[in-house]
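Taking it in order: structure first as structure tokens, then the write-up.
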Amino acid sequence: MSEELTDPTKGYLSTRILTVQLKRYDPEKDREPHWQEFKVEARPIDRVLDVLMKVKWDQDDTIGLRKSCGQGICGSDAMRINGQNNLACKMLVQNLKSDKITVEPILGLPVIKDLIVDMKPFFDHYKSIMPFLVNTDPAPTTERLQTPAQRERFDEGTKCILCACCTTACPPFWGNREYVGPAAIVNAHRFIFDSRDQAASERLEILNDAEGVWRCRTVFNCTSACPRGIKVTQLISEVKRALITGVLDMPQEAEVLA
Ligand code: SF4
Ligand code: SF4
Ligand code: FES
6 MSEELTDPTK GYLSTRILTV QLKRYDPEKD REPHWQEFKV EARPIDRVLD
56 VLMKVKWDQD DTIGLRKSCG QGICGSDAMR INGQNNLACK MLVQNLKSDK
106 ITVEPILGLP VIKDLIVDMK PFFDHYKSIM PFLVNTDPAP TTERLQTPAQ
156 RERFDEGTKC ILCACCTTAC PPFWGNREYV GPAAIVNAHR FIFDSRDQAA
206 SERLEILNDA EGVWRCRTVF NCTSACPRGI KVTQLISEVK RALITGVLDM
256 PQEAEVLA
């Protein structure tokens with residue numbers, strides 16, 4: 006085994022002491038949120054989620070946070086780490102620039118306790134864009150076929166894990182919670198540009214509302230915040246273009262399977 010793996014003073018086993026500033030808020034005790042500091046020993050391969058769980062298990066089990074998969078898939082541990090939205094399970098200690106780290110809840114949603122926010126307003130916006138396939142044709146006896154080009158057209162939006170990192174990094178959303186937000190638009194895009202779907206015009210009408218896609222000021226915070234690397238602002242621009250031109254930029258019929 007390499008020296009880096011076996012020597013505790015080197016590589017992946019070497020540890021550093023992190024100072025974690027955690028924003029705390031317990032509505033049963035606190036009038037206002039406040040910062041609390043913890044010292045934690047962490048390895049380079051630990052994730053920020055591991056660091057927080059060490060604090061919770063060893064120092065203060067009243068800390069409230071959400072997590073599940075630990076693999077960047079469930080989207081439940083979105084939080085603001087050093088001023089940027091991210092999934093705590095996707096940030097490695099070895100990539101932290103300093104031994105000090107601030108952790109606070111994502112912005113723009115009501116805080117329930119510590120890092121736990123009320124996701125209902127976020128999911129209400131998601132539900133508003135009809136995030137399901139609409140097709141009233143008689144069900145075929147086999148799958149509804151698509152060409153690779155047709156499938157590729159909406160691929161980007163299928164990567165969304167509904168973590169809310171984008172919507173809660175968006176300044177127009179901070180100022181106005183009625184704004185449908187980038188995550189809902191990404192998920193609308195996923196169906197608007199799906200050749201099997203028949204409700205594109207309904208979804209576009211919903212997004213043409215005063216609280217719809219025109220609230221976006223193209224600041225790109227959402228794209229930088231997305232832990233799945235989705236080109237959020239580009240998808241929003243494609244929805245805007247469809248509304249302005251009345252034309253869906255879809256692969257040509259000639260490419261459709263016979
Ligand atoms: S590009 Fe639009 S949706 Fe994304 S953060 Fe900026 S204003 Fe919000
Ligand atoms: S678009 Fe990205 S940041 Fe926004 S909810 Fe989906 S996965 Fe999260
Ligand atoms: S715990 Fe599931 S995405 Fe981080």
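Sequential numbering of the sequence shown, starting at 6, is according to my numbering.
Ideal placement from N, C-alpha and C gives every residue a C-beta, glycine not left out.
- Per DSSP, Ala-247 lies in no beta strand (DSSP E); the unbroken alpha helix (DSSP H) holding it starts and ends at 237 to 250.
- In the DSSP assignment, Phe-196 falls within the unbroken alpha helix (DSSP H) covering 187 to 197.
- Remark: the C-beta of Asn-90 is outside contact range of ligand 1, defined as less than 7 Å to any heavy atom.
- Rounded to whole angstroms, Thr-173 and Val-185 show a C-alpha spacing of 11 Å.
- The region 13 to 33 makes contact with the region 96 to 116: 3 or more CB pairs, one atom from each, lie closer than 8 Å.
- Going by beta carbons, Val-139 and Ile-197 fall outside the 8 Å limit.
- Note on geometry: alpha-carbon atoms of Asp-142 and Phe-225 lie some 38 Å from one another.
- DSSP places Arg-21 in the uninterrupted beta strand (DSSP E) bounded by 21 to 29.
- Cβ-Cβ distances below 7 Å link Gln-64 to Phe-43 in the same chain, with the five nearest sequence neighbours on each side left out; the list follows chain order.
- Ile-211 sits in a helix when the DSSP states are folded into three classes.
- Contact check for Ile-68 and Lys-59: beta-carbon distance about 11 Å, past the 8 Å limit, so the pair fails to qualify.
- Pro-32 and Leu-120 have their alpha carbons spaced roughly 12 Å apart.
- Taken atom to atom, the span from the alpha-carbon of Lys-118 to that of Met-124 is near 12 Å.
- If you check the C-beta of Arg-233 against ligand 1, you find no heavy atom less than 7 Å away.
- Here the distance from the Cβ of Gly-75 to the nearest heavy atom of ligand 3 is below 7 Å.
- Between the alpha carbons of Asp-82 and Val-116 lies a distance of about 14 Å.
- With fewer than 16 other Cβ atoms inside 10 Å of its own Cβ, Gly-88 counts as exposed.
- Contact between Pro-49 and Val-98 holds, since their C-beta atoms are separated by about 6 Å, short of 8 Å.
- Ile-235 and Thr-20 have their C-alpha atoms roughly 33 Å apart.
- Taken through DSSP and simplified to helix, strand or coil, Met-124 comes out as coil.
- Between Leu-240 and His-194 a beta carbon distance of about 4 Å is seen, short of the 8 Å cut, so the two are scored as contacting.
- Non-local beta-carbon contacts of Asp-51 in its own chain, meaning distances under 6 Å to residues more than five positions away in sequence, involve Val-98 in chain order.
- By the Cβ neighbour-count rule, Leu-150 is exposed, with fewer than 16 other Cβ atoms within 10 Å of its own.
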